[in-house]
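Student:
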Amino acid sequence: AIRALGSGKKVHMLQFIKAMPYGELNILGDLPGFSYELLGRDCFIEKKPDREDSIRAQRGLKKAEECLVAQSYDLLILDEVHIALYYGLIELPKLIAILEKRKNTEVICTGRYAPRQLMEIADLVTEMREIKHYYEKGIYAREGIEF
Numbered sequence: 004a005i006r007a008l009g010s011g012k013k014v015h016m017l018q019f020i021k022a023m024p025y026g027e028l029n030i031l032g033d034l035p036g037f038s039y040e041l042l043g044r045d046c047f048i049e050k051k052p053d054r055e056d057s058i059r060a061q062r063g064l065k066k067a068e069e070c071l072v073a074q075s076y077d078l079l080i081l082d083e084v085h086i087a088l089y090y091g092l093i094e095l096p097k098l099i100a101i102l103e104k105r106k107n108t109e110v111i112c113t114g115r116y117a118p119r120q121l122m123e124i125a126d127l128v129t130e131m132r133e134i135k136h137y138y139e140k141g142i143y144a145r146e147g148i149e150f
């Protein structure tokens with residue numbers, strides 16, 4: 004996103020799972036050309052998602068389709084969309100059908116549990132994985148570091 008913004012591109016991010024005010028949004032939201040929508044709830048999905056989680060994720064999928072059809076942005080980030088798929092909040096065939104509608108918009112899909120079918124149709128796949136985390140020692144997320 005930073006690279007695209009630095010090149011004068013318009014970037015929009017749809018956050019599928021979280022709706023908490025993370026630190027990065029404080030600065031990114033002030034940058035010209037960047038916009039975002041928080042689609043999740045103010046809490047993590049701990050165990051089993053419910054109907055409200057599904058409604059919000061479906062709304063995000065619809066917004067993604069609208070962005071791609073309208074070609075409103077140079078880069079569209081579907082943040083944690085893989086997690087929405089993993090929890091069954093959205094269906095992979097629907098997401099793929101929407102992604103196939105893109106013309107000149109670059110799309111970044113993020114989150115753990117990326118499905119193989121999505122990786123196969125992607126132009127670029129990057130893996131970022133946790134090796135070690137403070138949480139294992141009982142240290143919870145800290146402002147300015149994890150959020």
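In terms of the numbering used here, the sequence shown opens at residue 4 and continues consecutively.
Idealized CB from N, CA, C, for every residue including glycine.
Note that the structure is predicted; figures quoted are calculated from it, not measured.
#1: Along the alpha helix (DSSP H) that carries H85, what are the first and last residues, could you check?
#2: Under 8 angstroms, with one C-beta from each stretch per pair, do the stretch 96-103 and the stretch 18-26 reach the 3-pair mark?
#3: Please go through the same chain and pick out, in chain order, the residues whose beta-carbon is closer than 7 angstroms to the beta-carbon of S38, but skip the five residues on each side of it.
#4: With E83 and G36 assumed to form a contact (beta carbons below 8 angstroms), what rounded beta-carbon distance in angstroms separates them?
#5: Between the beta-carbon of I134 and the beta-carbon of I111, is there less than 7 angstroms?
#6: Quick one, are the C-beta atoms of R105 and L71 less than 7 angstroms apart?
#7: Does the Cβ-Cβ distance between L180 and G63 come in under 7 angstroms?
#8: Taking the C-alpha atoms as reference points, what is the distance between L34 and S75?
#9: In terms of residue numbering, what span does the alpha helix (DSSP H) encompassing L28 cover?
#10: Can you tell me which of the three DSSP states Q18 falls into?
#11: What's the gap between the Cα of D56 and the Cα of E149?
#12: DSSP three-state call for Y137: helix, strand or coil?
#13: Closest to G189 by C-alpha separation, out of I20, A4 and A7, would be which residue?
#14: Taking the CB atoms as reference points, tell me whether E69 and I101 lie closer together than 7 angstroms.
Tutor: From the atom records:
#1: Residue mapping note: residue 85 aligns to position 82 of the sequence shown, counting from 1. That run of the alpha helix (DSSP H) goes V84 to Y89.
#2: no
#3: By one-based count along the sequence shown, residue 38 stands at place 35. Correct list, in chain order: H15.
#4: Here residue 83 corresponds to residue number 80 of the sequence shown, with the count starting at 1. Here residue 36 corresponds to residue number 33 of the sequence shown, with the count starting at 1. About 22 angstroms separates the two Cβ atoms, so there is no contact after all.
#5: As a position in the sequence shown, residue 134 is number 131, starting the count at 1. As a position in the sequence shown, residue 111 is number 108, starting the count at 1. It is not a contact, given that the beta carbons lie outside the stated cut-off.
#6: Start at 1 with the first residue of the sequence shown, and residue 105 comes out as number 102. Start at 1 with the first residue of the sequence shown, and residue 71 comes out as number 68. Closer than 7 angstroms, so yes.
#7: Not covered by the structure: residue 180. The range shown for the chain is 4 to 150.
#8: Residue 34 sits at position 31 when you count from the first residue of the sequence shown. Residue 75 sits at position 72 when you count from the first residue of the sequence shown. In a straight line, the C-alpha of L34 is about 17 angstroms away from that of S75.
#9: In the sequence shown, the residue the question calls residue 28 occupies position 25. Element bounds for L28: G26 to L31.
#10: As a working mapping, residue 18 is identified with position 15 in the sequence shown. Three-state DSSP puts Q18 in a strand.
#11: Position 53 of the sequence shown, counted from the start, is the residue given in the question as residue 56. Position 146 of the sequence shown, counted from the start, is the residue given in the question as residue 149. Cα to Cα, the separation comes out at about 23 angstroms.
#12: Within the sequence shown, the letter at position 134 stands for residue 137. If DSSP states are grouped into helix, strand and coil, Y137 belongs with the helices.
#13: Residue coverage of the chain in this structure runs from 4 to 150, which leaves residue 189 outside it and unanswerable.
#14: By 1-based counting over the sequence shown, the position of residue 69 is 66. By 1-based counting over the sequence shown, the position of residue 101 is 98. Against a cut-off of 7 angstroms, the Cβ pair of I101 and E69 comes out as no contact.
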